[in-house]
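Asks: I have a structure here, written as structure tokens, and I will follow up with some questions on it.
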Amino acid sequence: MPIQVLIVEDEPLSAQKLTQMLAHLLPDAIIVACHDTVRSTVKWLNDNPHPDLAFFDIQLADGISFEIFEQTEVRFPVIFTTAYNEYAIKAFKVNSIDYLLKPIKEAELSTAINKFRTGFYASAANSDYHAFAKALNQLSNNYKSRFLVKVGDHLKMISTSDTALFYSLEKAVFMLIIQGNEYALDFTLEQVASLIDPRQFFRVSRKHIVNIDYIKDVVIWSGSRLKIKLSVPHTEEIIVSREKVQQFKAWLDN
138 MPIQVLIVED
148 EPLSAQKLTQ
158 MLAHLLPDAI
168 IVACHDTVRS
178 TVKWLNDNPH
188 PDLAFFDIQL
198 ADGISFEIFE
208 QTEVRFPVIF
218 TTAYNEYAIK
228 AFKVNSIDYL
238 LKPIKEAELS
248 TAINKFRTGF
258 YASAANSDYH
268 AFAKALNQLS
278 NNYKSRFLVK
288 VGDHLKMIST
298 SDTALFYSLE
308 KAVFMLIIQG
318 NEYALDFTLE
328 QVASLIDPRQ
338 FFRVSRKHIV
348 NIDYIKDVVI
358 WSGSRLKIKL
368 SVPHTEEIIV
378 SREKVQQFKA
388 WLDN
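This note's numbering puts the last residue of the sequence shown at 391; the count rises by one with no breaks.
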């Protein structure tokens with residue numbers, strides 16, 4: 138019998154890479170569905186037979202994947218993938234569920250699959266996911282609330298709630314705050330995305346992460362894309378990449 142696998146991942150390249158690794162490590166697997174939001178995953182689970190195994194990214198376009206457990210019954214083992222740092226991952230090792238830190242390493246994925254094959258997850262599907270949801274909810278409340286930046290000879294604390302935009306320019310990353318000031322950060326844009334609340338911020342492209350509170354207008358743009366106008370002036374155009382449009386709409390509508 139083929140192993141039916143569900144993938145819940147909001148980054149198309151990550152989903153593609155995971156699919157390729159599974160083809161090598163779990164050749165008897167069939168990917169029955171791939172979803173990128175909490176909403177679409179819950180609907181699919183309610184309308185279809187449950188898979189044998191699932192891979193859930195923790196941060197999705199419209200929320201956190203633990204919300205899936207709160208909105209529908211999960212009767213299958215789940216392997217979580219996440220961009221959180223290793224210290225956060227260790228906090229969840231108490232749960233009998235595996236976690237893979239992005240970018241996923243094939244050796245670690247192989248170990249997780251071996252646990253699944255040997256029945257390690259036999260009791261996981263019936264475990265207390267409410268306790269797990271509570272633990273993840275605590276983590277979701279620990280998103281970075283401020284960044285420390287250098288301004289001349291001084292250090293300044295900038296609140297994420299006052300940040301309209303994070304963006305990359307010429308291999309550097311900046312934050313644009315509501316007063317119009319811009320500050321350089323000692324983080325990559327990928328690191329910033331993993332530290333801030335995905336319900337508040339959305340990475341619309343390779344170069345831009347926007348704050349929903351400062352989106353002034355969204356305009357239909359060429360090539361089935363969208364253009365964002367912020368309430369804070371910014372010199373560069375902010376375009377939602379084509380592959381992100383549907384996720385972005387779901388995030389706005391959440």
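We put the beta carbon where it would ideally sit given N, CA and C, even for glycine. No experiment lies behind these values; they were computed from the predicted model shown.
If I follow the unbroken alpha helix (DSSP H) through Q153, where does it start and stop?
Replies: The count along the sequence shown starts at 1 and reaches residue 153 at position 16. From DSSP, the alpha helix (DSSP H) with Q153 extends over 149-162.
Asks: How is R362 classed by DSSP in three states: helix, strand or coil?
Replies: Residue 362 sits at position 225 when you count from the first residue of the sequence shown. In this structure, R362 counts as strand in the three-state DSSP scheme.
Asks: Out of E373, L182, L292, I140, which has the shortest C-alpha to C-alpha gap to I346?
Replies: Your numbering for residue 346 matches position 209 in the sequence shown. The candidate whose alpha carbon is nearest that of I346 is E373.
Asks: At a cut of 8 Å, does the region 286-300 reach the region 309-324 through at least three beta carbon pairs?
Replies: Enough Cβ pairs lie closer than 8 Å, so yes.
Asks: Is it true that the CB of P186 sits closer than 8 Å to the CB of I167?
Replies: Taking the first residue of the sequence shown as position 1, residue 167 is located at position 30. Taking the first residue of the sequence shown as position 1, residue 186 is located at position 49. Going by C-beta atoms, I167 is not nearer than 8 Å to P186.
Asks: Please state if the CB of I376 and the CB of R362 are separated by a distance shorter than 8 Å.
Replies: Position 225 of the sequence shown holds residue 362. Position 239 of the sequence shown holds residue 376. Against a cut-off of 8 Å, the Cβ pair of I376 and R362 comes out as a contact.
Asks: DSSP beta-bridge partners for S177?
Replies: Taking the sequence shown and counting its residues from 1, one reaches residue 177 at position 40. Answer is none; S177 lacks a bridge partner.
Asks: Please classify N348: does DSSP put it in a helix, a strand, or coil?
Replies: Counted from its first residue, the sequence shown places residue 348 at position 211. Three-state result, N348: strand.
Asks: Quick check: what's the CA-CA separation for K366 versus D350?
Replies: Taking the first residue of the sequence shown as position 1, residue 366 is located at position 229. Taking the first residue of the sequence shown as position 1, residue 350 is located at position 213. If I take the Cα positions, the gap works out to 12 Å.
Asks: Between the region 157-166 and the region 243-257, do at least 3 Cβ pairs fall closer than 8 Å?
Replies: Taking 8 Å as the limit for Cβ pairs, the verdict is that the region 243-257 does touch the region 157-166.
Asks: If I follow the unbroken alpha helix (DSSP H) through E373, where does it start and stop?
Replies: Taking the first residue of the sequence shown as 1, we reach residue 373 at position 236. Where E373 is concerned, there is no enclosing alpha helix (DSSP H), given that its DSSP letter is neither H nor E.
Asks: Could you tell me whether the region 181-195 touches the region 319-327, where touching means 3 or more Cβ pairs closer than 8 Å?
Replies: Too few Cβ pairs lie closer than 8 Å, so no.
Asks: Under three-state DSSP, which class holds W388?
Replies: Stepping through the sequence shown from its first residue, residue 388 is reached at position 251. Looking at W388 - three-state DSSP - the assignment turns out to be helix.
Asks: How many Å lie between V211 and K308 at the Cα?
Replies: Mapped onto the sequence shown, residue 211 falls at position 74. Mapped onto the sequence shown, residue 308 falls at position 171. Each residue's alpha carbon lies about 42 Å from the other.
Asks: When you compare only the Cα positions, how much space is there between V286 and V310?
Replies: As a position in the sequence shown, residue 286 is number 149, starting the count at 1. As a position in the sequence shown, residue 310 is number 173, starting the count at 1. Taking the straight line joining both Cα atoms gives about 12 Å.
Asks: Between W388 and P240, what straight-line distance do the alpha-carbon atoms span, to the nearest angstrom?
Replies: Working through the sequence shown from its first residue, we reach residue 388 at position 251. Working through the sequence shown from its first residue, we reach residue 240 at position 103. Those two C-alpha atoms are separated by around 24 Å.
Asks: For D199, collect the residues of the same chain with a Cβ closer than 7 Å to its Cβ; drop the 5 residues on either side in sequence, then sort them by chain order.
Replies: As a working mapping, residue 199 is identified with position 62 in the sequence shown. Correct list, in chain order: T174, V175, R176, A387, W388, N391.
Asks: P188 and L143 look like a contact to me (Cβ under 8 Å); what is the Cβ gap, rounded to whole Å?
Replies: Here residue 188 refers to the residue found at position 51 when the sequence shown is read from its first residue. Here residue 143 refers to the residue found at position 6 when the sequence shown is read from its first residue. Right, the Cβ-Cβ distance comes to about 4 Å (below 8 Å), so this counts as a contact.
Asks: Based on the DSSP output, what are the partners of S305 in its beta bridges?
Replies: Taking the first residue of the sequence shown as position 1, residue 305 is located at position 168. According to DSSP, which records beta bridges pairwise, S305 is partnered with V310.
Asks: Tell me, please, which residues DSSP counts as bridged to I295.
Replies: Here the question's residue 295 lines up with position 158 in the sequence shown. Paired residues: F284.
Asks: By a C-beta neighbour count over all protein chains shown, 10 Å radius and 16 as the cutoff for buried, is L190 buried or exposed?
Replies: Residue mapping note: residue 190 aligns to position 53 of the sequence shown, counting from 1. L190 is buried by the Cβ-count criterion.
Asks: Where L197 and Q383 are concerned, what is the direct C-alpha to C-alpha distance, given to the nearest angstrom?
Replies: Mapped onto the sequence shown, residue 197 falls at position 60. Mapped onto the sequence shown, residue 383 falls at position 246. So the alpha carbons of these two residues sit roughly 13 Å apart.
Asks: Please report how far the alpha carbon of K252 lies from the alpha carbon of R336, in whole angstroms.
Replies: Working through the sequence shown from its first residue, we reach residue 252 at position 115. Working through the sequence shown from its first residue, we reach residue 336 at position 199. When rounded, the distance between both Cα atoms is 32 Å.
Asks: Take T300 as the anchor and find which of S378, A152, R283, E243 has the nearest alpha-carbon.
Replies: On the sequence shown, position 163 is the one that residue 300 refers to. It is R283 whose Cα lies nearest to the Cα of T300.
Asks: Please go through the same chain and pick out, in chain order, the residues whose beta-carbon is closer than 7 Å to the beta-carbon of I333, but skip the five residues on each side of it.
Replies: In the sequence shown, residue 333 corresponds to position 196, counting from 1. Excluding sequence neighbours, I333 sits near Y280, K281, T297.
Asks: Return the chain-ordered list of same chain residues with a C-beta closer than 8 Å to the C-beta of E243, the five sequence neighbours on each side being excluded.
Replies: Here the question's residue 243 lines up with position 106 in the sequence shown. If we look at E243 and ignore the five residues flanking it on each side, its Cβ neighbours are M158, H161, L162.
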